[in-house]
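2 protein chains.
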Amino acid sequence: MLIAEVSEKFDLSQDTLRYYERIGLIPRVNRNKSGLRDYLEEDCRWVEFIKCMRGVGLPVETLIDYVRLFQQGDETLETRKELLAEQHKQLTARMADMQKVLERLEGKMDRYDEMIGAARQTSGFSPVIFSP
Amino acid sequence: MLIAEVSEKFDLSQDTLRYYERIGLIPRVNRNKSGLRDYLEEDCRWVEFIKCMRGVGLPVETLIDYVRLFQQGDETLETRKELLAEQHKQLTARMADMQKVLERLEGKMDRYDEMIGAARQTSGFSPVIFSP
DNA sequence: TTACTCTCTGGAGTTAACTCCAAGTCAAGT
DNA sequence: ACTTGACTTGGAGTTAACTCCAGAGAGTAA
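Residue numbers (UniProt numbering), protein chains in the order written: chain A, 1 to 132; chain B, 1 to 132.
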């Protein structure tokens, strides 16, 4: 599988795929006899995994660590699991913040509805002030 | 309230507070007779709001739009509400992605537990291969 | 052979969001 | 009057994560 196809398949630019490999965010991909990257199934799984994790904001640095540990073999199983657990924890915390913001936005939208209603009733003028 | 106090109160650097004001992420703060920023209650509410929204990743550009609309008065109530609704939608979508990732991480951690157990039983060697 | 397309590498450029800095002002303390 | 400390402004510098580019090589088509 050449880079064009992988790029298409995962909607990542060829530059990004090369960049990810360069910095160790995915393991090195084998080259064919012409020197072109030949992505195997396993490489694609890495690309998908990394795209997914980056998509929700896991830091590049952390994912590079994970890849490095992975390449060191079974001695790092425990460490890798701890790394994942830590990311799980942080993701959970971020989601809690987001949930709070969701609710805050809902409250705000309700207040906007009230204000819009009030403005209609008083022919365009509303004495209600709030902020932000 | 001087900038030092606001910086302390919201754990944002003075530079960041000035930067936010410069780019319109919070409305302009009044200066006292010496030319120093004198934050009022309302300014603080803006700072807190913006910090909260930035904290979960709402884009600076969008928030600047919101502030600008706010300053234009009641004619923009509807537009502001739509802006908030759109952000609510996007936040919900992001949380759904994150939920998926949380579950994926949980699955992965379970597999790591299995592998760690297997490695123990077979005195340090595990034939199981998986990736990433 | 010439032309064309795809890909390669190393390195420079870009964008968002800060973060730092230099030179200057103001007011309070000594 | 002088020093000190907090603050001002405009502008330059930084960081993360890409994104773009120039020059070169391999394979295919005419």
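Cβ coordinates follow ideal geometry from the N, Cα and C atoms, glycine included.
When the options are compared against residue i, the one with the closest alpha-carbon
| i | options | result |
| --- | --- | --- |
| ASP110 (chain B) | A:GLN99, A:ALA119, A:ALA85 | A:ALA85 |
| ARG31 (chain B) | B:MET1, B:TRP46, B:GLU5 | B:MET1 |
| ASP38 (chain A) | A:CYS52, A:GLU5, A:ALA118 | A:GLU5 |
| LYS9 (chain A) | A:LEU36, A:VAL29, A:CYS44, A:ARG18 | A:CYS44 |
| GLU21 (chain B) | B:GLN121, B:GLY55, B:LYS51 | B:LYS51 |
| GLY55 (chain A) | A:ASP11, A:THR79, A:LEU83 | A:ASP11 |
| GLY117 (chain B) | A:LEU17, A:ILE3, A:LYS81, A:GLY117 | A:LYS81 |
| GLU42 (chain B) | B:MET53, B:VAL29, B:LEU36 | B:VAL29 |
| HIS88 (chain A) | A:MET53, A:ILE64, A:GLN14 | A:MET53 |
| ILE64 (chain A) | A:TYR19, A:LYS33, A:MET115, A:GLU78 | A:TYR19 |
| THR79 (chain B) | A:GLU78, A:ASP113, A:ARG68 | A:ASP113 |
| PRO132 (chain B) | A:ARG68, A:ILE3, A:ALA119 | A:ARG68 |
| GLY35 (chain A) | A:ILE3, A:GLN121, A:ALA119, A:MET115 | A:ILE3 |
Boundaries (first-last residue) of the alpha helix (DSSP H) holding residue i
| i | result |
| --- | --- |
| VAL60 (chain B) | 60-71 |
| THR122 (chain B) | Run containing THR122 (chain B): none; DSSP gives neither H nor E here. |
| ARG9 (chain A) | For the record, residue 9 (chain A) in the displayed sequence is Lys; it is not Arg. Taken as a continuous stretch (DSSP letters only), the alpha helix (DSSP H) holding LYS9 (chain A) covers 3-10. |
| residue 146 (chain B) | Because chain B is modelled from 1 through 132, residue 146 (chain B) falls outside the range shown and cannot be assessed. |
| residue 134 (chain A) | Outside the modelled stretch of chain A, which goes from 1 to 132, sits residue 134 (chain A), for which no answer is possible. |
Coarse secondary structure for residue i, derived from DSSP in three states
| i | result |
| --- | --- |
| ARG28 (chain A) | coil |
| LYS33 (chain A) | coil |
| VAL56 (chain B) | coil |
Supposed contact pair residue j and residue i - C-beta distance, whole angstroms, cut 8 Å
| i | j | result |
| --- | --- | --- |
| ILE23 (chain B) | VAL47 (chain B) | About 14 Å separates the two Cβ atoms, so there is no contact after all. |
| THR92 (chain A) | LEU91 (chain B) | Their Cβ separation, rounded to whole angstroms, is 16 Å, which puts THR92 (chain A) and LEU91 (chain B) out of contact at 8 Å. |
| TYR66 (chain B) | LEU83 (chain B) | 6 Å |
Residue i Cβ short of 7 Å to the ligand GDP heavy atom set
| i | result |
| --- | --- |
| VAL67 (chain A) | Annotation note on the ligand GDP: not contained in the displayed structure, which lists no ligands. |
- the segment 59-74 of chain B contacting the segment 97-106 of chain A, beta-carbon criterion three pairs below 8 Å: no
- Message: Under 8 Å, with one C-beta from each stretch per pair, do the segment 66-75 of chain A and the segment 91-99 of chain B reach the 3-pair mark?
- Response: no
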